[in-house]
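*Asks:* Before I ask anything, here is the structure I am working with.
Residue numbers (the working numbering), protein chains in the order written: chain A, 54 to 492; chain B, 67 to 312.
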């Protein structure tokens, strides 16, 4: 145990102090909140611009009290209104632009009469787009909101005129629906859209994305840690120490995992701060606070299974990382190999993230179930509905066996004879027989 | 194998695919001696030392280190030997002291023994306060000194040194040669390889000259010089290679 502790200490210290590693860990916690903040500031500024200088230019062909009152209503709701005199559309647009308005409204003749006869009155609204950006979108959205609100006020006035004393909202929306959603025979007082919306934002995107990033980070760290041993020529010495290959491998796996979990935590923190900045502006919830109120907490056994599948998955991909690193003469080579190997391993996780596994073709399902990295993804989705799928129950022993096999093969590869012979052969291939490598 | 025989190699053969790196080499190292392997690049010196260090397996032949078989009993050999590779690197982000301390904890069970070994290694390295610096800022000579200290602090029965002074300036090389000479004793033996004939002549009690995977001659430096009528080992080497070519 003392030997293992010493080896793990070596791994963790050497990795944590390596700029190639710690810069990668620090970047998400700095960059993601900065990105969220920048987007939030840009959107807030656009909203302020929109609400402060919201101008609507109009041509009133109706010229009745009703159309006049309608324009006054818009003014009362905060819009700056500008009456235009040009009768040609193109000239009117130019005039509206000259007044700084991005909206031109044309009230046709008969507007007032139609409304008084309880008909649907036509109004033409032209949005003048000068640039494609958040501020422009915000301004148009703000105008639409005011117009929709004014339409609602007109509707209330008309309803009150026809049926005094009746609540206009009842006429407009006579059905009072209480929505329930049934998941796995559990009845919950919530609309399915709310669940899907929150699941998409929270568990559908956040959790799988974090697992995805964690997987890439852990593999990269393990591959880099081992490739650095080759690059700096320390592996040969390490392999002559009185420690077993398992101890060397386990120290690498544990050391890399510790750093990767730290990196995963920093990424999660950065990502949450990014979302907070981004969604704070929109007034949306992230989906983690509301959902537990209606959905019961997943039972403890689902957490246990998620943890087991996660540990197995991390060990599996860390072993892959060690293999990649061991076969690489330097870090650059390991980075190239990493992309080639890790992407096919993680693609099935994307299928789980964005698709319904059971609807996939059989060949793809086999591929997904073959990889231990798929099970934490499946589990994180299913545990929301407190479900333990049978494929996870069978998949965990299978993952454990496969992971053990990969760990065993990796430890076999770490025997100096195989590694040095393999590296020698790779060297020989590279020089293509022109020059024999040094022995 | 005699009790005083630390290394015994008989008819050792090593193949790398189609390449024959070692062809039936035979030699032995006795207790307390410094044995040298000399030869040109690619002669098979490093392959021989890697087999003794339990890094590579022989294709054929008989190799015993400290009375243990290198194939079947490598785990018994490793705690008793220490190996310095020709291009042994250091962990850039660890300090010299941390590195020595980690290695000591791997070799020694007791904390006190490990601490004593580290203190000894710090003295051997001669790095003074620089021992607390990260090794990435060490010069080549400092890195080699820390590696020599690492090798000797574990008090190996057999130290296997592949080109211990390669690439070092005359001061650092002299310092390391002195440490190697001091370490060899009745209990401790050393096998080393070098291109530097002068170094071998000064350090080694016996040597083997290896060429194209074969030992072409071996013996005490003076005996070899007398045998070939040479003034120094360099002349012995050239003469042997010339005769071998015929």
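Where a beta carbon is used, it is the ideal one built from N, C-alpha and C, also for glycine.
1) Along the chain, where does the alpha helix (DSSP H) containing residue 288 (chain B) start, and where does it finish?
2) Please look up how many angstroms separate the CB atoms of residue 234 (chain B) and residue 210 (chain B), rounded, as I've assumed it's under 8 Å.
3) Our contact map puts residue 143 (chain B) next to residue 114 (chain B) with C-beta atoms below 8 Å; I'd like the distance itself, whole angstroms only.
4) Check the Cβ of residue 145 (chain B) against every Cβ in chain A and list those closer than 8 Å, keeping chain order.
5) Give a yes or no on whether the C-beta atoms belonging to residue 164 (chain A) and residue 149 (chain A) are separated by under 9 Å.
6) Between residue 232 (chain B) and chain A, is the shortest Cβ-Cβ distance under 9 Å, so that the two count as touching?
7) Who are residue 225 (chain B)'s beta bridge partners in DSSP?
8) Do you know offhand how far residue 198 (chain B)'s Cα is from residue 165 (chain B)'s?
9) Leaving out five residues on either side along the sequence, give the residues of the same chain with a beta carbon under 8 Å from the beta carbon of residue 365 (chain A).
10) Using DSSP's beta-bridge definition, name the partner residues of residue 74 (chain B).
11) Nearest to residue 227 (chain B) by alpha carbon, out of B:282, B:102, B:204, B:171?
12) Just the chain A side, please: which residues come within less than 9 Å of residue 153 (chain B) by C-beta, in chain order?
13) Give me the chain B residues within the contact set of residue 469 (chain A), using Cβ-Cβ distance strictly less than 7 Å, ordered along the chain.
14) Which residue wins for smallest C-alpha separation from residue 155 (chain B), given the options B:122, B:216, B:105, B:179?
15) Can you tell me the Cα-Cα spacing of residue 202 (chain B) and residue 420 (chain A), whole angstroms?
16) Run down chain A in chain order and give the residues with a C-beta less than 8 Å from the C-beta of residue 204 (chain B).
17) With a threshold of 9 Å between beta-carbons, can residue 314 (chain B) be considered close to chain A, or not?
18) Can you give me the C-alpha to C-alpha distance between residue 401 (chain A) and residue 150 (chain B), rounded to a whole angstrom?
19) Apply the 10 Å Cβ neighbour rule to residue 121 (chain B) and answer buried if 16 or more other Cβ atoms are within range, or exposed otherwise.
20) What did DSSP end up calling residue 294 (chain A) once you bin it into helix, strand or coil?
21) If you follow the beta strand (DSSP E) that residue 261 (chain B) is part of, which residue opens it and which one closes it?
22) Just checking, does the stretch 216-223 of chain A make contact with the stretch 194-203 of chain A on the three C-beta pairs under 8 Å criterion?
23) What is the rounded straight-line gap between the Cα of residue 339 (chain A) and the Cα of residue 360 (chain A)?
24) Closer than 9 Å between beta carbons: that is the criterion. Which residues of the stretch 401-424 of chain A meet it against chain B?
25) For residue 196 (chain B), decide whether its Cβ has a neighbour in chain A, counting only Cβ atoms nearer than 9 Å.
26) Looking at the unbroken alpha helix (DSSP H) that takes in residue 465 (chain A), where does it start and where does it end?
27) Counting contacts by CB-CB distance shorter than 9 Å, is residue 92 (chain B) in contact with chain A?
28) When you compare the CB of residue 95 (chain B) with every CB in chain A, is at least one pair closer than 9 Å?
29) Are the CB atoms of residue 350 (chain A) and residue 141 (chain B) nearer to each other than 9 Å?
30) Let's see if you can read the secondary structure: which residues bound the beta strand (DSSP E) around residue 180 (chain A)?
31) Going by DSSP, which residues form a beta bridge with residue 272 (chain B)?
32) On the DSSP letters alone, give me the boundaries of the alpha helix (DSSP H) that residue 217 (chain B) sits inside.
33) Kindly list, in the order they appear in chain B, the residues whose Cβ is closer than 9 Å to that of residue 66 (chain A).
34) Taking the continuous beta strand (DSSP E) assigned at residue 172 (chain B), which residues delimit it?
35) State yes or no: is the beta carbon of residue 257 (chain B) nearer than 9 Å to at least one beta carbon in chain A?
36) Looking at residue 104 (chain B): is its Cβ nearer than 9 Å to the Cβ of residue 266 (chain B)?
*Replies:* Based on what the coordinates show:
1) 287-294
2) 6 Å
3) About 15 Å; that fails the 8 Å criterion.
4) 295
5) no
6) no
7) Answer is B:148, B:256, bridged to residue 225 (chain B).
8) 10 Å
9) 425, 428, 449, 452, 453, 456
10) B:94, B:130
11) B:102
12) 286, 289
13) 121, 122
14) B:216
15) 44 Å
16) Listed by position along chain A, the residues whose Cβ is nearer than 8 Å to that of residue 204 (chain B) form an empty set, because the closest Cβ is around 12 Å away.
17) Limits of chain B in this structure are 67 at one end and 312 at the other, which puts residue 314 (chain B) out of reach.
18) 45 Å
19) buried
20) coil
21) No beta strand (DSSP E) contains residue 261 (chain B), which DSSP labels as neither H nor E.
22) no
23) Any reading at residue 339 (chain A) must be qualified, since the residue scores a pLDDT of 43, below 50, and its modelled position is unreliable; the value itself is stated next. Their backbone Cα atoms lie some 23 Å apart in a straight line.
24) Within the stretch 401-424 of chain A, no residue qualifies.
25) no
26) Unbroken alpha helix (DSSP H) run through residue 465 (chain A): 443-466.
27) It does not: the Cβ of residue 92 (chain B) has no partner Cβ on chain A nearer than 9 Å.
28) For residue 95 (chain B), the answer is no, since every Cβ of chain A falls outside 9 Å of its Cβ.
29) no
30) 177-180
31) B:101
32) 206-219
33) 157, 159, 160, 164, 168
34) No beta strand (DSSP E) contains residue 172 (chain B), which is instead part of the alpha helix (DSSP H) from 162-173.
35) no
36) The Cβ atoms of residue 104 (chain B) and residue 266 (chain B) lie closer than 9 Å to each other.
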